[in-house]
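Quick note: the sequence shown, position 423, residue 458 per this note's numbering, numbers continuous. For every residue, glycine included, the Cβ atom is placed at its ideal position computed from N, Cα and C. Remember, predicted model here, so these are calculated numbers, not experimental data.
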Amino acid sequence: MEHAPENTTKKSAKRRAPFGWGKKLVTLIFTAFVLVIAYLVYQAMTKGVGIPVSSTGIIEMDQNAITAPTTAQPTESAEPTESTEPSTSIEPSETETEPPQLSPEQLARQYLDEMSLEDQIWQMFCISPSQMRYEDGTLCPAGGVYFGAEDLTDADRLSQDILSFNEEAATPVMIGVMEEGGSVAPLASLGVTDSFDSAATYGEIGNTQALYEFGNLLGSQLSDVGFHFNLAPVADTINWYPDDLNDRTYSIDVDTASQMVSQAVKGMQDAGTIACLKHFPNLGSSAPDGDNDVSWRPYTSFVETDFLPFSAGIEAGAQMVLVSNMMVPDMCGGALMPSCMSENIVTNILRGELGFNGVVISDEQSRQTDAQSAVNIIEAGCDIILLPNDPAASVAAVIEAVNNGTLSEERITESVYRILLMKCENGIIIE
36 MEHAPENTTK
46 KSAKRRAPFG
56 WGKKLVTLIF
66 TAFVLVIAYL
76 VYQAMTKGVG
86 IPVSSTGIIE
96 MDQNAITAPT
106 TAQPTESAEP
116 TESTEPSTSI
126 EPSETETEPP
136 QLSPEQLARQ
146 YLDEMSLEDQ
156 IWQMFCISPS
166 QMRYEDGTLC
176 PAGGVYFGAE
186 DLTDADRLSQ
196 DILSFNEEAA
206 TPVMIGVMEE
216 GGSVAPLASL
226 GVTDSFDSAA
236 TYGEIGNTQA
246 LYEFGNLLGS
256 QLSDVGFHFN
266 LAPVADTINW
276 YPDDLNDRTY
286 SIDVDTASQM
296 VSQAVKGMQD
306 AGTIACLKHF
316 PNLGSSAPDG
326 DNDVSWRPYT
336 SFVETDFLPF
346 SAGIEAGAQM
356 VLVSNMMVPD
366 MCGGALMPSC
376 MSENIVTNIL
386 RGELGFNGVV
396 ISDEQSRQTD
406 AQSAVNIIEA
416 GCDIILLPND
426 PAASVAAVIE
436 AVNNGTLSEE
446 RITESVYRIL
456 LMKCENGIII
466 E
C-alpha cells in the first residue's frame, strides 16, 4: 500500500505518451501539407498561370505537377485560358500544292518506260505523210513525219495534216521539212514562208548578222506553221561536187562556211526550230560513181577541211546532224558502204571525235528496198531513219534483229531516249 502513489503516477504517464506522439505526427503532416501548397503556389507564380481552385474554394492539387514537374521554358505572356495545342483546322487551299514539274529528262524517261519495244522502234522512223496512216485510216505510231517537196502542193492540206497528226498521235510526232532558202525552198514556193537568198549569196556577203537574222526569221515562220525541225543548214563545202549542191553551200572557204553555219544554227534555234546540219561527212567532196556518191579523199583531208563547218555548227548548238549515203572508203577500211551505215563514221568520228551528243538522222532511204538497211543504220549509231521504203517492214526487221541478238534492247533504248529528250526539251512533248 505504501507504493500505490508511485504505480498511479506511472500509469498516468503511460496514458499521456501516445497523445504526445500523435500531436507530433499531426504537426508533421500539416507542415508537409503547407510545404506542398507553398511549392505549388511558387510553381504557379513562376510559370505565370493561375492556381487551380475548386468550386468550393479549395486549391486543387495536380498530382502530375507534383510527381513530374514540366521542363518547358516559361513563356512571357501566356494567358491562363489559352490552349497551347496547335490548331488542326487547316484550310484545304493550304494543303493543296502543285505537283513538281518534271524535268525534260524525267519526262522523257516516263514516256520511254511506258513504251513497248515495238513502240520504241517506231520512234526511230521519220516517214512521209502518205505513210502515216494504215489502210483503215488509223495513225501510224512513227516518231516523226517529213514533208518533202512532193508533199507541199496545198497549203490547206498541209495545215490539216499537221493538225491531225498532232491531235491523234499517242506520243507527239516531230514534224520536219527541208527549207534552205534559195533554190531549195518548197514552202516559199507554196507561199507559206518568205523567199530568201541562197546560201552562196550570204557567204559572198560575209555578213554573219544578216545570216543570223535570216535563220531567225525562217525558224520563226516554220515554227508558226507547225514544223519542229528543218534539214538545214548545209554544212558542206564544195571541192569536187558542184553540180548537185550548186548555190546551196555558203562558201568553198571552210572558215567562211564555218561562220555562216554557226550563225544560221543560232538564228534558227533561237526562233524555236531545230537545226539539222547536213550532209556529213561532206557531200561536196564526193562525185557520182554509178548509182553512188563516192569520195576517194583520205581521212586526214576531211579532218583538216571538211569537218570544220560541222564542228562549228555543233559548237553553236545544232541538235541534229544528217549523215549522208555517200561512201568514203578511207573511213570504212576500204569498203564501199553508205556513211550512215558505218559505225566508224557515225559513232567513232561524229560522236567520238567531233563530240556530237544530239540526234543523228540518216539520209533518206526511199531507194533502199531491203529492210535490213534499217538494222545496219541503227548498228552504226544513227537514231532516226529518214523515209524508209517500207516502214512496217523496216520495223519488223529491227524487232527480229533484237530478238536474235543482232541488236540489243539497250541500243534501241539509247536512241529512243535521245529522241524523246529532244522532243521534251523543245516543247514537242509536254506534261
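Residue i versus residue j - alpha carbon distance
| i | j | result |
| --- | --- | --- |
| residue 446 | residue 140 | 18 Å |
| residue 112 | residue 65 | With a pLDDT of only 43 at residue 112, under 50, the local geometry of the prediction cannot be trusted, and the value read off the model is given with reservation. About 35 Å. |
| residue 352 | residue 392 | 10 Å |
| residue 220 | residue 418 | 26 Å |
| residue 380 | residue 367 | 8 Å |
| residue 248 | residue 298 | 9 Å |
| residue 239 | residue 325 | 33 Å |
| residue 466 | residue 159 | 22 Å |
| residue 436 | residue 182 | 29 Å |
| residue 469 | residue 413 | Residue 469 is absent from the model: the chain starts at 36 and stops at 466. |
| residue 229 | residue 268 | 17 Å |
| residue 321 | residue 281 | 14 Å |
| residue 99 | residue 70 | Confidence at residue 99 is low in this model, with a pLDDT of 43, below 50, so its placement is unreliable and no value can be given for it. |
| residue 384 | residue 416 | 11 Å |
| residue 434 | residue 444 | 10 Å |
| residue 462 | residue 208 | 11 Å |
| residue 460 | residue 403 | 32 Å |
| residue 316 | residue 216 | 22 Å |
| residue 86 | residue 68 | The predicted position of residue 86 is uncertain, since its pLDDT is 42 and thus under 50; a value taken from the coordinates is nonetheless stated next. About 16 Å. |
| residue 123 | residue 464 | Any answer about residue 123 is weak, because its pLDDT of 46 lies below 50 and its placement is not dependable; what the coordinates show is given next. Roughly 41 Å separates the two Cα atoms. |
| residue 185 | residue 193 | 12 Å |
| residue 138 | residue 305 | 20 Å |
| residue 310 | residue 291 | 19 Å |
| residue 265 | residue 179 | 12 Å |
| residue 386 | residue 218 | 31 Å |
| residue 319 | residue 273 | 4 Å |
| residue 471 | residue 250 | Because residue 471 is not part of the residues shown, which for the chain are 36 to 466, the question remains open. |
| residue 363 | residue 132 | 58 Å |
| residue 440 | residue 198 | 39 Å |
| residue 119 | residue 63 | Only weak support exists for where residue 119 lies, its pLDDT of 48 falling under 50; the coordinates are left without a value. |
| residue 172 | residue 147 | 26 Å |
| residue 438 | residue 134 | 39 Å |
Spatially closest choice to residue i from the options, by CA coordinates
| i | options | result |
| --- | --- | --- |
| residue 457 | 132, 67, 63, 142 | 142 |
| residue 276 | 250, 252, 331, 295 | 331 |
| residue 346 | 326, 327, 271 | 271 |
| residue 450 | 282, 152, 72 | 152 |
| residue 235 | 334, 283, 454 | 283 |
| residue 425 | 415, 413, 409 | 409 |
| residue 200 | 266, 261, 324, 155 | 261 |
| residue 371 | 342, 328, 281 | 328 |
| residue 455 | 322, 134, 145, 253 | 145 |
| residue 174 | 189, 252, 407, 427 | 427 |
| residue 168 | 204, 390, 155, 384 | 204 |
| residue 246 | 198, 229, 296 | 296 |
| residue 227 | 241, 212, 319 | 212 |
| residue 452 | 67, 136, 206, 202 | 206 |
| residue 395 | 216, 63, 237, 349 | 349 |
| residue 377 | 72, 411, 335 | 411 |
| residue 389 | 338, 363, 255, 188 | 338 |
| residue 150 | 255, 176, 263, 170 | 176 |
| residue 259 | 303, 237, 231 | 303 |
| residue 354 | 336, 263, 369 | 263 |
| residue 254 | 241, 187, 231 | 231 |
heavy atom of the ligand GTP below 6 Å from residue i C-beta
| i | result |
| --- | --- |
| residue 243 | Looking for the ligand GTP in the displayed structure turns up nothing, as the structure carries no ligands at all. |
Short Cβ contact (7 Å threshold) for residue i with residue j
| i | j | result |
| --- | --- | --- |
| residue 405 | residue 360 | no |
| residue 214 | residue 225 | no |
| residue 25 | residue 161 | Look at the range of the chain in this structure, 36 to 466, and you will see that residue 25 is not part of it. |
| residue 343 | residue 293 | yes |
| residue 191 | residue 164 | no |
| residue 400 | residue 423 | yes |
| residue 357 | residue 313 | yes |
| residue 308 | residue 252 | no |
| residue 340 | residue 289 | yes |
| residue 210 | residue 430 | no |
| residue 365 | residue 333 | yes |
Length at least 3, wholly inside the stretch 317-386: the beta strand (DSSP E) runs in chain order: 322-324, 327-329, 355-358
Completely contained alpha helix (DSSP H) runs for the stretch 164-203, where each covers 4 or more residues: 190-203
Alpha helix (DSSP H) runs contained entirely in the stretch 381-452, provided each spans 4 or more residues: 407-415, 426-438
4-residue-minimum alpha helix (DSSP H) runs that sit fully inside the stretch 222-259, ordered along the chain: 234-240
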